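> Our numbering applies: residue 23 is where the sequence shown begins, and numbers increase by one. Heads up, the beta-carbon is just placed ideally off N, CA and C, and yes, glycines get one too. This structure is a prediction, so every number in the text was calculated from the model and none was measured. Below is the structure I would like to discuss, written out as structure tokens.
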Amino acid sequence: MAWVCVLVVAAVCITAGVCAVYLPDRTPALLQQAKEVTLAPVETQEWSETRQITLTPTFSAERTLTSNSSGMVTADWSASGLESGKAAFAVDGRPVMALATSQPLWRDLHYYDTGEDVRALNDELVRLGYPADANSATYSWNTGNAWGKLLASAGAAGAADGSLSIADVLWIPEGSVSVSGWSASLGAQVMAGSQLATVPGVLQKLTIGGASVGNADRTVTLYGLSATLPAGQTEITDRAFLDALSASQSWKSQSADSLLAGVSGSISTGDSTHVLRVPAAAVYGMDETGTNGCIIVDGKTVHVSIAGAQMGVSLVTATDGSDIDAMHNVTVGSALRSATCE
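Spelled out as structure tokens, the structure:
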């Protein structure tokens with residue numbers, strides 16, 4: 023009887039072992055494939071940002087200043103730079119006037135002479151506050167009178183016939199310029215056609231390195247000076263700001279090589295913006311600027327603009343009039359693969 027029990031137990035064990043080998047394993051609940059997340063919560067907040075940036079300057083080409091006069095330099099007013107409408111130096115006792123015409127003057131001018139050089143002269147005289155004829159290509163009585171008044175401001179008499187002598191003019195490329203290699207020092211001899219100085223390239227623009235295009239104006243600050251970076255732009259071309267920056271001691275103290283390598287500044291969004299915080303992966307269909315795209319809320323496509331970003335989060339504003347305060351979830355995951363942003 024005991025042997026019978028042993029045999030029965032052995033048979034049961036063998037059967038259980040065979041079943042364990044051939045029956046399929048069950049995947050533990052913890053190892054089963056997770057269900058895809060298709061919605062993510064969102065919330066609104068007020069947002070503003072100030073961050074450090076690198077600005078790269080672009081300069082115009084270096085210019086050469088050429089004398090139209092011959093003789094001895096009897097006065098030199100170039101120490102602090104040259105300014106249009108002011109005397110630059112004097113030759114044989116007669117002041118030579120700096121003029122920033124849009125094209126260099128190249129000849130003597132008399133009543134009824136015409137040409138684009140005359141138009142440039144008239145326009146610059148008007149800009150300087152003298153009663154010439156704006157946008158006129160004719161050397162009129164008004165032109166001659168305005169030129170005579172400009173000469174008189176430097177203590178020189180104009181010609182009796184109202185003409186302009188090219189020897190009385192030194193062309194400069196901008197309204198105010200600094201010079202290097204100035205050769206018209208007191209007592210020096212100058213000749214018409216000789217080089218007087220070199221004008222370094224003028225600051226034309228500043229480009230924001232690595233800046234994305236924004237849909238709102240931003241403020242750029244550099245060396246204590248601020249300028250507005252217009253919406254949709256990455257370049258500062260504000261002439262007043264560029265001139266003030268170029269004239270600042272902080273800018274002047276930099277070498278040309280260090281400036282061309284880029285200078286540090288900051289960029290700020292200014293006033294805070296009401297934005298919606300969404301997972302970065304929820305924004306799809308980005309345009310070529312990398313700023314505009316779409317999200318899906320309650321099955322509806324919402325057009326958005328990215329105002330900023332934080333760790334794994336995009337801060338967006340609705341550009342189609344949708345109320346972001348009424349949004350609680352956005353679509354994420356594979357459902358976005360076939361979504362369009364139109």
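Could you check if ASN90 is buried or exposed, using at least 16 other CB atoms within 10 Å of its CB as the buried criterion?
Residue 90 sits at position 68 when you count from the first residue of the sequence shown. ASN90 is buried by the Cβ-count criterion.
> Considering only residues of the segment 240 to 266, which uninterrupted beta strand (DSSP E) runs meet the minimum length of 3 residues and lie entirely inside it, listed in chain order?
Qualifying beta strand (DSSP E) stretches, in chain order: 240 to 244, 247 to 251.
> Can we say the segment 75 to 93 touches the segment 107 to 126, given the rule of at least three CB pairs closer than 8 Å?
These segments touch.
> Which residue wins for smallest C-alpha separation from SER202, given the options GLY103, HIS132, SER158?
To locate residue 202, count along the sequence shown from 1; it is residue 180. Looking at the Cα atoms, GLY103 is the closest of the given residues.
> In three-state DSSP terms, what is VAL208?
Within the sequence shown, the letter at position 186 stands for residue 208. The sequence shown places Leu at residue 208, not Val. In the structure shown, LEU208 sits in coil (DSSP, three-state: anything other than H, G, I, E or B).
> For LEU45, which three-state DSSP category applies?
For the purposes of this step, residue 45 is taken as residue 23 along the sequence shown, with counting starting at 1. Here the model assigns LEU45 a pLDDT of 47, short of 50, so the residue's position is not dependable, and the following value carries that caveat. LEU45 falls in the coil class under three-state DSSP.
> Residue range of the alpha helix (DSSP H) that TRP163 falls in?
Within the sequence shown, numbered from 1, the residue matching residue 163 stands at position 141. Segment 163 to 175, the alpha helix (DSSP H) holding TRP163.
> Tell me the rounded alpha-carbon separation between THR136 and VAL326.
Indexing the sequence shown from 1 puts residue 136 at position 114. Indexing the sequence shown from 1 puts residue 326 at position 304. Rounded to the nearest angstrom, the two C-alpha atoms are 57 Å apart.
> For the segment 331 to 345 against the segment 288 to 305, are there 3 or more C-beta pairs whose distance is under 8 Å?
The segment 331 to 345 vs the segment 288 to 305: in contact.
> Apart from the five residues on each side of it in sequence, which residues of its chain come closer than 7 Å, Cβ to Cβ, to PHE81?
Reading the sequence shown from its first residue, position 59 is the one you call residue 81. These residues qualify, in order along the chain: GLY223, VAL224, LEU225, GLN226.
> Going by other Cβ atoms of all chains shown within 10 Å of its Cβ, with 16 needed for buried, is THR165 buried or exposed?
Reading the sequence shown from its first residue, position 143 is the one you call residue 165. Its Cβ being crowded by 16 or more others within 10 Å, THR165 is buried.
> Hey, which unbroken runs of the beta strand (DSSP E) at 3 residues or more fall wholly within the segment 181 to 227?
List check, beta strand (DSSP E) in window: 191 to 193, 217 to 221.
> What are the boundary residues of the alpha helix (DSSP H) that includes ALA178?
Here residue 178 refers to the residue found at position 156 of the sequence shown. That residue, ALA178, is in no alpha helix (DSSP H); it is neither H nor E in DSSP.
> Does ARG141 pass the burial test, meaning 16 or more other C-beta atoms within 10 Å, or should it be called exposed?
Reading the sequence shown from its first residue, position 119 is the one you call residue 141. Buried.
> Between which two residues does the alpha helix (DSSP H) holding VAL140 run?
Working through the sequence shown from its first residue, we reach residue 140 at position 118. Where VAL140 is concerned, the enclosing alpha helix (DSSP H) stretches over 138 to 149.
> Is ALA174 closer than 7 Å to LEU147 when the C-beta atoms are compared?
Numbered from its first residue, the sequence shown carries residue 147 at position 125. Numbered from its first residue, the sequence shown carries residue 174 at position 152. No.
> According to DSSP, which residues form a beta bridge with MET94?
If you number the sequence shown from 1, residue 94 lands on position 72. DSSP lists GLN211 as partners of MET94.
> On a CA-only basis, which of THR295, THR291, SER124, LYS274 is nearest VAL14? Give me that one, please.
Residue 14 falls outside the range modelled here, since the chain spans only 23 to 364, and no answer is possible.
> Going by Cα to Cα distance, which pick from ILE194, GLY107, TRP204 is closest to LYS171?
As a working note, residue 171 is residue 149 in the sequence shown. Per the Cα distances, GLY107.
> Suppose only complete runs of 3+ residues qualify. What are the beta strand (DSSP E) ranges in the segment 316 to 358, listed by chain order?
Qualifying beta strand (DSSP E) stretches, in chain order: 322 to 332, 335 to 340, 351 to 353.
> If you run the structure through DSSP and keep just helix, strand and coil, what is GLN276?
Within the sequence shown, residue 276 is the residue found at index 254, counting from 1. Coil at GLN276, not helix or strand.
> Pull up the CB-CB distance for SER288 and THR259, whole angstroms please, since I reckon it's below 8 Å.
On the sequence shown, residue 288 is found 266 positions in, with the first residue counted as 1. On the sequence shown, residue 259 is found 237 positions in, with the first residue counted as 1. With 8 Å as the limit, SER288 and THR259 do not qualify as a contact, their Cβ atoms being about 19 Å apart.
> Using only the alpha-carbon positions, how far apart do LEU192 and GLY315 sit?
The sequence position of residue 192 within the sequence shown is 170, counting from 1. The sequence position of residue 315 within the sequence shown is 293, counting from 1. So the alpha carbons of these two residues sit roughly 55 Å apart.
> Near GLY93, what residues of its chain come up, given a Cβ to Cβ distance below 8 Å and the 5 sequence neighbours on each side ignored?
Walking along the sequence shown from the start, residue 93 turns up at place 71. Only VAL113, ASP114, GLN211, VAL212 meet the Cβ criterion.
> Would you kindly report the start and end of the unbroken beta strand (DSSP E) that includes TRP128?
Sequence index remark: in the sequence shown, residue 128 carries index 106 (1-based). Counting along the chain, TRP128 falls outside any beta strand (DSSP E), and DSSP gives it neither H nor E.
> When you compare each of GLU105, ARG85, ALA109 to THR96 by their alpha carbons, which one comes out closest?
To locate residue 96, count along the sequence shown from 1; it is residue 74. Checking every option, the nearest Cα to that of THR96 belongs to ALA109.
> Among SER270, THR313, VAL221, whose alpha-carbon lies nearest the alpha-carbon of GLY254?
Looking up residue 254 in the sequence shown gives position 232. GLY254 has its Cα closest to that of THR313, out of SER270, THR313, VAL221.
> In chain order, what residues of the same chain lie with their CB nearer than 6 Å to the CB of SER268, ignoring the 5 residues before and after it?
By 1-based counting over the sequence shown, the position of residue 268 is 246. Only LEU225 meet the Cβ criterion.
> In the structure shown, what three-state DSSP assignment does SER286 receive?
Mapped onto the sequence shown, residue 286 falls at position 264. Note: SER286 maps to strand in three-state DSSP.
> So, is THR123 buried or exposed, given that buried needs 16 or more other C-beta atoms within 10 angstroms?
Counting from 1 along the sequence shown, the entry for residue 123 is found at position 101. That one is buried.
> Exposed or buried, which one is ARG261 when buried takes at least 16 other CB atoms within 10 Å?
Walking along the sequence shown from the start, residue 261 turns up at place 239. When all chains shown are included, ARG261 counts as exposed.
> I need the straight-line Cα distance from THR250 to ALA182, nearest angstrom please.
Reading the sequence shown from its first residue, position 228 is the one you call residue 250. Reading the sequence shown from its first residue, position 160 is the one you call residue 182. Roughly 50 Å separates the two Cα atoms.
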